[in-house]
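Chemist: Protein chains in written order, with our numbering: chain H, 1 to 268; chain Z, 1001 to 1293; chain B, 2001 to 2277.
I have a structure here, written as structure tokens, and I will follow up with some questions on it.
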Amino acid sequence: MKDIHIALRNVSKTFRVGARTVRAVECISVEVANGECLAIVGESGSGKSTLANLVLGVYPPDAGNILMDGAALPPKRSLMHRRMVQLVQQNPLSSLNPKRTVGASIRLALDVHGIGAPGDRKKRIGELLDEVGLPAEYSDRSPAALSGGQRQRVAIARALACESRLVVLDEPTSSLDVIVQARILRLLNDLRKARGLTYVFITHDLAVVRNIADRVMVLKDGARVEIGKTARIFSRPEHSYTRGLIAASPVIAQEEQELRDRLRKEIG
Amino acid sequence: MIAPTLDIRDLRLTFSGLGGSVDVLHGISLSINREERVALVGESGSGKSVTARSVLGLLQSLRGTRISGDILFEGTNLESMDESRRRQLRGTRMSMIFQDPVSSLNPVYRIGVQFREVLARSNPGIDAAEARDRAAEILSEVSIGEPGRVLESFPFQLSGGMNQRVMIAMALVNEPALLVADEPGTALDVTVQDQTLRLMHRLVQEHRTSVLFISHNLGIVREFTDRLYVIYRGRIVEEGPTGSVFRAPGHPYTRALLAAVPRITRDEIPEFEADPGKFGAPKVVHGPAGNSA
Amino acid sequence: MKRAAAIVLSNPMSLAGVILIALVVSSAVFADLVAPFPSHRGAVVDFANFNQPPSWPNIMGTDLVGRDLFSRILYAYRISLILGIVVLLLAVPAGVVVGLAAGYIGGRTRFILMRTTDVFLSIPPLVLAMSIMGVLEPTLANGMMAVTAMWWPWYSRLVFNITLAEKEEGYVLAAELIGASRIHVMFREILPNCFPAIITKMTLDLGFVILIASSLSFLGLGVQPPTPDLGSMVAQGASYLPDSWWLTVFPGLAILVAVFGFNLLGDALRDVLGGDQ
């Protein structure tokens, strides 16, 4: 594939917790194509958050390489590298500074990377807010004056402000109510198409994965259990751990129940 | 005729604070028959947890809370009961499980000590050996293999799933008539959550306990309850047997909720027709004119 | 603002704090207008009227050289408040910078900054101030320096603890991933979230700074005569107890009112701002 956006090659990360060392991510290789949405699925302790942080450059891997557009990223990322990947976090209540206005939070990205002339930035903030479905006047509001869904829209606008083509979505809808979740997922999908974005979607919610991801990687204890096209993973999971995950997901419809029953039977 | 285990009639609740007052519940009526598992489903801020806390009597003494309406428990009106008798009911005839097992158990006491305290609520004269036997018995009912070791442990030495099981065992050890479960298992991983809820379901059936199940998760409600009430902005908008509500939801809000739930058999994002502003923010916090805050 | 007023008015203690501090501040600001004998702030001698108990027009009596005690207390408030404000204006920024840097940067920076803070915190405040004042001349300026030296570590502690907590918030990570500088993250992102706690502590501390400054001058190490100072007034009057009780009781009460008032006001601000550190 020549169209690889980001590639992880044999990436490992170990943490020291007191006297013990914990292998959070163990020799993982994965490639994400331009415009693709790869879901990384796992339970707590699976290493999915560590993997996200490695992609984001929060810390460098102990071993292995991360390649962006074919070029290896250095352990310490420059401003230019920072601009290549952005994050949308789970809880917008925490990811937006309560003491700064929505506009100021978005403006930071424009200022740091010198995007647009300083005089045009106010207009640019308005356009970004419009792109995520918020009125430009919200620029002067504090996050406290917004609903959960609106806050998450602001966090998405901030991630877009850097004009990164790669966005890591870390449980972006887990703290939202189900109707709001559906709207945010739709927005994310529309933005992906409109801007040609690549997503690394970290979540524990398999139903969300089924709806939005092109491919799924299942992680357990820092290692890859399996990876494949979303439809295949759900209809014919190869690994019993994946089967267990799908079979444990709460469902509301008959056809889902049938899938779950079938997978349970396969587990035995 | 046998009185229902729980019968809430026209429960209204207002919080008044410095910024004015907020009507949280606008007349909730809900009943749970013996051995019935009933869900109260709603989104955040809909008033579902407040309803559960009112049943337990945890809000009545709060400053600035005004409650009206009746809460009948096994035919007795709780609202006319004095505070000490009501407290006596909690943990004996009615018990509760909260979302976060770790913060619900006291970190500085061993599980065994906490069990004995719970048992002493219904049987003040219980001795250590008897309490231990009873606790070990119920722990093995929640599939805890080594009850002895667990009783000697502190909550932080156990996993989240194990703590949640301990909570369930503790909630049922006094054979309550009603169990109030507020978002049980929400903090756990899906596989552990699934196991835990199955266990709880089996146990309440065996012990013939009525359950008020508070949840935002429609999938869980569908699997573990007999009947459900949908709460929206402090009002019940729909009520019915779980199966039939899922098959044919009556209220537009219920339809929007069900349509919005992502499914493991569909490869597209849920689409629903409800107009965008309508059900986006199910907040009970609204002013006198009804405008959303 | 309306909410803030409602919170303060709903609590009688908060209301009392607001009233007491309004009284203290207005006596300091309008001393020239309110004091019956403005000239008595300085070296005036009126032996005809010395050591008189409270009567008209000396409502709090006169001191050992015949000056009106009430007038002197008003001027003493002015000096105490100036001293308190100057001390905090020096100590707070110093402590805040140290606390932010130690909390956010971590590593060796944290070790050095926080151990230094600990050293200052481990010396009893009065002892530290006394030793500084013992070496230097006992002037108002040196008094302020001495009190400042013992005050900043409390702010670095406070801000350090808040910074450690705020650092874990998602907005810090978001700013770092955008590529914002350390200075930006510390001063523009984290610092605004420290303000409620800092302002609350400053209000509480104004009372304590006044108390410490009075203790120093009580020991003869602070403001020097003839400048009116509550601490030295109490000290001078102490040898004439119990007969000339007004010499100590009124300046003592004046200290009490200021310290108590700032404490109540600080608690009220804590309620309003929600800074519960």
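C-beta atoms are modelled at their ideal positions from N, C-alpha and C, and glycine is treated no differently.
1) Within the same chain, show all residues whose beta-carbon is closer than 6 Å to that of Gly1057(Z), passing over the 5 residues directly before and after it, in chain order.
2) When the Cα atoms are used, what is the spatial distance from Ile2132(B) to Leu2221(B)?
3) Pull out every residue of the stretch 2143 to 2171 of chain B whose Cβ sits closer than 7 Å to any Cβ of chain H, in chain order.
4) Which residues share a DSSP beta bridge with Ala63(H)?
5) Note down the Cα distance separating Ile252(H) from Ile1032(Z), rounded to an integer number of angstroms.
6) Counting only C-beta atoms, is Asp261(H) closer than 8 Å to chain B at any point?
7) What are the residues in the stretch 139 to 158 of chain H lying within 8 Å of chain B by C-beta distance?
8) Residues of chain Z with CB under 8 Å from Asp177(H), in chain order?
9) Output, in chain order, the set of chain H residues within a Cβ distance shorter than 7 Å of Ile2178(B).
10) Just the C-alpha distance for Asp1182(Z) and Pro92(H), rounded to the nearest angstrom, thanks.
11) From the beta carbon of Ala2175(B), is the nearest beta carbon of chain H less than 8 Å away?
12) Output yes if chain H places a C-beta closer than 8 Å to the C-beta of Asn1952(B); else output no.
13) When we look at the beta-carbon of Pro2228(B) and count the other beta-carbons within 10 Å, is it buried (16 or more) or exposed?
14) Is Glu2189(B) close to chain H? Criterion is C-beta to C-beta, closer than 8 Å.
15) How would you write the range of the alpha helix (DSSP H) that Arg158(H) sits in, first residue to last?
16) Give the residues of chain B in contact with Asn211(H), contact being defined as C-beta atoms less than 9 Å apart.
17) Please name the residue, chosen from Ile2085(B), Leu2023(B) and Arg2003(B), that lies closest to Ala2254(B) on a Cα-to-Cα basis.
18) How would you write the range of the beta strand (DSSP E) that Arg1012(Z) sits in, first residue to last?
19) What residue range is occupied by the uninterrupted beta strand (DSSP E) comprising Arg1165(Z)?
20) Measuring CB atoms only, is the stretch 2192 to 2199 of chain B touching the stretch 93 to 104 of chain H, in the sense that at least three cross pairs come out at less than 8 Å?
21) Using a C-beta cutoff of 8 Å, does Gly2275(B) count as contacting chain H?
22) Pull up the DSSP beta-bridge partners for Val2092(B), would you.
23) Can you confirm whether Gly1064(Z), when its beta carbon is compared against all beta carbons of chain H, has any partner nearer than 8 Å?
24) In its own chain, which residues sit with a C-beta less than 6 Å from the C-beta of Pro1276(Z), not counting the 5 before and 5 after it?
25) Mind listing which residues of the stretch 242 to 258 of chain H have their C-beta closer than 7 Å to chain Z's C-betas, in chain order?
26) Do Val2223(B) and Ile2019(B) have their CB atoms nearer than 8 Å?
27) Apart from the five residues just before and just after Ala1289(Z), which ones in its own chain have a Cβ nearer than 6 Å to its Cβ?
28) Closest by CA to Pro2125(B), which one among Ala2149(B), Leu2113(B), Met2114(B) and Arg2110(B)?
29) Quick one: which chain B residues come within Cβ less than 8 Å of Leu87(H)?
30) Can you have a look at Ser46(H) and say buried or exposed, based on whether 16 or more other CB atoms are within 10 angstroms of its CB?
31) Cβ of Phe2218(B) within 8 Å of Cβ of Ser2239(B)?
32) DSSP on Asp1070(Z), reduced to helix/strand/coil?
33) Does the beta carbon of Asn189(H) sit closer than 8 Å to a beta carbon anywhere in chain Z?
34) Using 8 Å as the cut-off, can you tell me whether the stretch 123 to 143 of chain H makes contact with the stretch 72 to 84 of chain H, which would need three or more C-beta pairs spanning the two stretches below that distance?
35) Report the neighbours of Lys99(H) on chain B: residues whose CB is nearer than 7 Å to its CB, in chain order.
36) Along the chain, where does the alpha helix (DSSP H) containing Asp111(H) start, and where does it finish?
Modeler: If we stick to the structure as given:
1) For this step, residue 1057(Z) is matched to residue 57 along the second sequence. Once the five neighbours on either side are set aside, the close Cβ partners of Gly1057(Z) are Arg1086.
2) Counting from one through the third sequence, the residue named residue 2132(B) turns up at place 132. Counting from one through the third sequence, the residue named residue 2221(B) turns up at place 221. Roughly 10 Å between the two C-alpha positions.
3) Glu2169, Gly2170 and Tyr2171
4) Residue mapping note: residue 63(H) aligns to position 63 of the first sequence, counting from 1. In the DSSP output, where bridge partners are listed per residue, Ala63(H) has Ser12(H).
5) Residue mapping note: residue 252(H) aligns to position 252 of the first sequence, counting from 1. Residue mapping note: residue 1032(Z) aligns to position 32 of the second sequence, counting from 1. Cα to Cα, the separation comes out at about 23 Å.
6) For the purposes of this step, residue 261(H) is identified with residue 261 of the first sequence, where counting begins at 1. False, the Cβ-Cβ gap to chain B never drops below 8 Å.
7) Ala155 and Arg158
8) Locating residue 177(H) in the first sequence gives position 177, counting from the first residue. Ordered by position in chain Z, the residues that pass the 8 Å Cβ test against Asp177(H) are Glu1043, Ser1044, His1216 and Pro1282.
9) Along the third sequence, read from residue 1 onward, the residue named residue 2178(B) stands at position 178. Near Ile2178(B) (Cβ distances below 7 Å), the residues of chain H are Arg82, Leu108, Ala109, Val112 and Cys162.
10) Walking along the second sequence from the start, residue 1182(Z) turns up at place 182. Walking along the first sequence from the start, residue 92(H) turns up at place 92. Roughly 24 Å separates the two Cα atoms.
11) On the third sequence, position 175 is the one that residue 2175(B) refers to. At least one chain H Cβ lies under 8 Å of Ala2175(B).
12) Lying outside 2001 to 2277, the shown extent of chain B, residue 1952(B) is not represented and no answer is given.
13) The sequence position of residue 2228(B) within the third sequence is 228, counting from 1. Pro2228(B) should be labelled buried.
14) Reading the third sequence from its first residue, position 189 is the one you call residue 2189(B). Yes, Glu2189(B) counts as interfacial toward chain H.
15) The sequence position of residue 158(H) within the first sequence is 158, counting from 1. From DSSP, the alpha helix (DSSP H) with Arg158(H) extends over Gly148 to Ala161.
16) Here residue 211(H) refers to the residue found at position 211 when the first sequence is read from its first residue. Near Asn211(H) there are no residues of chain B at all, since even the closest Cβ is about 25 Å away, more than 9 Å.
17) The residue labelled residue 2254(B) in the question sits at position 254 within the third sequence. Nearest C-alpha to Ala2254(B): Leu2023(B).
18) Counting from 1 along the second sequence, the entry for residue 1012(Z) is found at position 12. Unbroken beta strand (DSSP E) run through Arg1012(Z): Leu1006 to Gly1017.
19) The residue labelled residue 1165(Z) in the question sits at position 165 within the second sequence. Arg1165(Z) -> not in any beta strand (DSSP E); alpha helix (DSSP H) instead, spanning Gly1160 to Leu1172.
20) yes
21) As a working note, residue 2275(B) is residue 275 in the third sequence. Confidence is the limiting factor: at Gly2275(B) the pLDDT is only 47, short of 50, which leaves the residue's position unreliable, though a coordinate-based value still follows. No, because no Cβ of chain H sits closer than 8 Å to the Cβ of Gly2275(B).
22) Counted from its first residue, the third sequence places residue 2092(B) at position 92. Looking at the DSSP assignment, Val2092(B) forms no beta bridge with any residue, so it has no partner.
23) The residue given as residue 1064(Z) occupies position 64 in the second sequence. With 8 Å as the cut-off, Gly1064(Z) does not count as an interface residue toward chain H.
24) Locating residue 1276(Z) in the second sequence gives position 276, where the first residue counts as 1. In this prediction, Pro1276(Z) has a pLDDT of 48, which is less than 50 and means its spatial position is unreliable; what the coordinates show is noted afterwards. Nothing listed; no residue qualifies.
25) Gly244, Leu245, Ile246, Ala248, Ser249, Pro250, Val251, Ile252, Ala253, Glu255 and Glu256
26) If you number the third sequence from 1, residue 2223(B) lands on position 223. If you number the third sequence from 1, residue 2019(B) lands on position 19. No, the pair does not count as a contact, with Cβ atoms beyond the cut-off.
27) Sequence index remark: in the second sequence, residue 1289(Z) carries index 289 (1-based). Low per-residue confidence applies at Ala1289(Z): pLDDT is 33, beneath 50, and the placement is therefore not dependable, though the value from the model is reported in the following sentence. Once the five neighbours on either side are set aside, Ala1289(Z) has no close Cβ partner at all.
28) Position 125 of the third sequence holds residue 2125(B). Looking at the Cα atoms, Ala2149(B) is the closest of the given residues.
29) Against the first sequence, residue 87(H) aligns to sequence position 87. Residues of chain B passing the Cβ test: Leu2173, Ala2174 and Leu2177.
30) Numbered from its first residue, the first sequence carries residue 46(H) at position 46. Buried is the call here.
31) Residue 2218(B) sits at position 218 when you count from the first residue of the third sequence. Residue 2239(B) sits at position 239 when you count from the first residue of the third sequence. Contact: no.
32) Stepping through the second sequence from its first residue, residue 1070(Z) is reached at position 70. Three-state result, Asp1070(Z): strand.
33) Here residue 189(H) refers to the residue found at position 189 when the first sequence is read from its first residue. For Asn189(H), the answer is yes, since a Cβ of chain Z falls inside 8 Å of its Cβ.
34) no
35) Within the first sequence, residue 99(H) is the residue found at index 99, counting from 1. Residues of chain B passing the Cβ test: Pro2192 and Asn2193.
36) Here residue 111(H) is taken as the residue at index 111 of the first sequence, counted from 1. Segment Val102 to Val112, the alpha helix (DSSP H) holding Asp111(H).
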